[in-house]
Amino acid sequence: MNLDNLLKQIDEKKSENEEFEKENKRLISENKEFYQGVINELTPLVNEYESKLAEIGIKVSATVTPHMISFELRYKDNSYSNLLLAPDIDSDKYFCITTNGNDSGNGKNYTISNGARYGKHNWKNEIYIEALEKHIKDFIFYSDRHGGF
1 MNLDNLLKQI DEKKSENEEF EKENKRLISE NKEFYQGVIN ELTPLVNEYE SKLAEIGIKV
61 SATVTPHMIS FELRYKDNSY SNLLLAPDID SDKYFCITTN GNDSGNGKNY TISNGARYGK
121 HNWKNEIYIE ALEKHIKDFI FYSDRHGGF
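UniProt numbering numbers the first residue of the sequence shown as 1 and each following residue consecutively.
As structure tokens, this is what we get:
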């Protein structure tokens with residue numbers, strides 16, 4: 001009888017694990033669909049910012065793929081700062097915003113994150129818009145250190 005109970009517990013746990021795996025796959029699929037919608041909604045805005053900055057002589061390169069948005073600004077000395085909206089490397093269920101670049105003054109690369117992970121439950125496009133505007137303001141603020149832009 002003890003063996004029967006043990007086997008029953010194993011079957012129940014196996015069933016729980018299968019349900020968890022199904023739910024996890026559903027959430028990943030749902031979030032990828034949501035994330036793709038976010039990228040589609042932000043693309044026109046990103047392209048507009050890119051063209052307006054290029055018009056005033058800033059070296060800018062926006063890259064939009066189904067998986068990420070990259071908004072890179074280059075200084076006169078060719079160092080750069082890049083704002084990246086991309087899936088969290090630890091999970092397909094969330095995405096994050098990071099800034100990375102290099103500083104030609106010390107030759108070191110850097111990556112900065114606000115530490116937040118975003119998904120359907122806490123995302124608003126304004127989060128990216130605010131991050132993009134801060135990214136541009138920071139770029140302009142630090143431009144003197146890099147010989148301008």
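All C-beta atoms in this analysis are idealised placements derived from N, C-alpha and C, irrespective of residue type, glycine included.
query	result
Whose C-beta lies closer than 7 Å to the C-beta of Arg132 among residues of the same chain, with five residues either side of it excluded?	Note that residue 132 corresponds to Leu in the displayed sequence, not to Arg. So the qualifying residues of the chain are Tyr49, Phe71, Leu83.
If you draw a straight line from the alpha carbon of Lys25 to that of Pro66, how long is it in whole angstroms?	19 Å
How about Ile97 and Asn114: do their beta carbons lie closer than 8 Å?	yes
May I ask you to list the residues that DSSP assigns as paired with Lys59?	Arg74
Closer than 7 Å by C-beta to Glu41: which residues in its own chain qualify, once you throw out the five before and the five after it? Chain order, please.	Asn125
In chain order, what residues of the same chain have a beta carbon less than 6 Å from the beta carbon of Gly147, not counting five sequence neighbours either side?	Lys76, Asp77
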